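Protein sequences appear in the order of chains A and B. For reference, each letter of the first sequence is one residue, going 1 to 114 in the numbering used here. For reference, each letter of the second sequence is one residue, going 1 to 110 in the numbering used here.
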Amino acid sequence: NAGVTQTPKFQVLKTGQSMTLQCAQDMNHEYMSWYRQDPGMGLRLIHYSVGAGITDQGEVPNGYNVSRSTTEDFPLRLLSAAPSQTSVYFCASSYSKRVFYEQYFGPGTRLTVT
Amino acid sequence: TQLLEQSPQFLSIQEGENLTVYCNSSSVFSSLQWYRQEPGEGPVLLVTVVTGGEVKKLKRLTFQFGDARKDSSLHITAAQPGDTGLYLCAGLVPGNMLTFGGGTRLMVKP
Chain A
1 NAGVTQTPKF QVLKTGQSMT LQCAQDMNHE YMSWYRQDPG MGLRLIHYSV
51 GAGITDQGEV PNGYNVSRST TEDFPLRLLS AAPSQTSVYF CASSYSKRVF
101 YEQYFGPGTR LTVT
Chain B
1 TQLLEQSPQF LSIQEGENLT VYCNSSSVFS SLQWYRQEPG EGPVLLVTVV
51 TGGEVKKLKR LTFQFGDARK DSSLHITAAQ PGDTGLYLCA GLVPGNMLTF
101 GGGTRLMVKP
């Protein structure tokens, strides 16, 4: 099992560019989510999904889109990058729709927007 | 203002010392989790506490959930350099989401 994988590991974008952060899991988990981590602020939930075809907004969804066409994949799209989106992004998955259960995190994508 | 406040934000101690970090809120949580994160990696779950007053032990780490389920603490006995990392608490909020505290960055010097 590879667990939760994220690509790319590092990315630099110019303001206004768009890109997709990839996330995949091979554990057949129902629940997947995207977080961003900024210094001193812990992790903040961007979007989450409780199963294929179902997504919902988290705490800080503005400027990001998600879709969940398969159980395995949960890509995060930045529509028009802004410097405020400079952050480390983590994807996580859990085998239950109840997030109470252990979340497995990917290694993160470090994004810089200039 | 974050729903979960962690203190201290930074802690630097010598190997062998004991320490306690805190996770406090004015809100009640149905469950609370503690994670440890090492540089360049994602957080890894250490423990989940669900009952007010619950105490869980994981080797030298002791976790306690407050009686009113608004706060939690993590106590490390005889800290080792391998305990170095960012400790995050997270609570379950309505809407099936986790909210995280800002974290305590621990450094244990040999």
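Heads up, the beta-carbon is just placed ideally off N, CA and C, and yes, glycines get one too. Please read all numbers here as calculations on a predicted model, not as lab measurements.
Query raised in the report: Since Met41/A meets chain B, which of its residues come closer than 7 Å, beta carbon to beta carbon?
Result: Per Cβ cutoff of 7 Å: Gly102.
Query - Neighbourhood of Leu45/A by C-beta distance below 8 Å, restricted to the same chain and skipping five residues each side - result: Within the same chain, Leu45/A has close Cβ partners Ser33, Trp34, Tyr35, Gly58, Glu59 and Val60.
Query raised in the report: Does Met107/B get closer than 7 Å to chain A when you measure Cβ to Cβ?
Result: By this cut-off, Met107/B is not an interface position.
Query raised in the report: Any beta-carbon of chain A closer than 7 Å to the one on Pro43/B?
Result: Residue-level contact by beta carbon holds for Pro43/B and chain A, with a gap shorter than 7 Å.
Query raised in the report: Cβ of Leu88/B less than 7 Å from any chain A Cβ?
Result: By this cut-off, Leu88/B is an interface position.
**Report entry** Start-to-end residues for the beta strand (DSSP E) that takes in Tyr35/A
**Finding:** Counting along the chain, the beta strand (DSSP E) containing Tyr35/A begins and ends at Tyr31 to Gln37.
Query raised in the report: If Arg77/A sits next to Thr7/A, beta carbons under 8 Å apart, how far is it from one beta carbon to the other, in whole angstroms?
Result: Taking C-beta atoms under 8 Å as the contact rule, Arg77/A and Thr7/A fail to qualify, at a distance of about 14 Å.
Query raised in the report: Where does Pro43/B land, buried or exposed, given buried means 16+ other C-beta within 10 angstroms?
Result: Under this definition Pro43/B is a buried residue.
Query raised in the report: Can you name the residues that DSSP bridges to Thr5/A?
Result: Thr5/A is bridged by DSSP to Ala24/A.
Requested in this report: Check the Cβ-Cβ distances between Phe105/A and every residue of chain B, and say whether any is below 7 Å.
Outcome: Taking Cβ atoms only, chain B reaches closer than 7 Å to Phe105/A, which makes this a yes.
Query raised in the report: In terms of alpha-carbon separation, which member of Leu61/B, Leu86/B and Leu32/B lies closest to Pro8/B?
Result: Pro8/B has its Cα closest to that of Leu86/B, out of Leu61/B, Leu86/B and Leu32/B.
Report task. For the beta strand (DSSP E) containing Val21/B, list its first residue and its last residue. Result -> Leu19 to Asn24 is the span of the beta strand (DSSP E), which, as asked, contains Val21/B.
Query raised in the report: Can you tell me whether Ser80/A is buried or exposed, with buried defined as 16 or more other CB within 10 angstroms of its CB?
Result: Only exposed fits Ser80/A, as fewer than 16 other CB atoms lie within 10 angstroms of its CB.
Report task. Check Gln57/A in the structure and name its three-state DSSP category. Result -> Correct three-state label for Gln57/A: strand.
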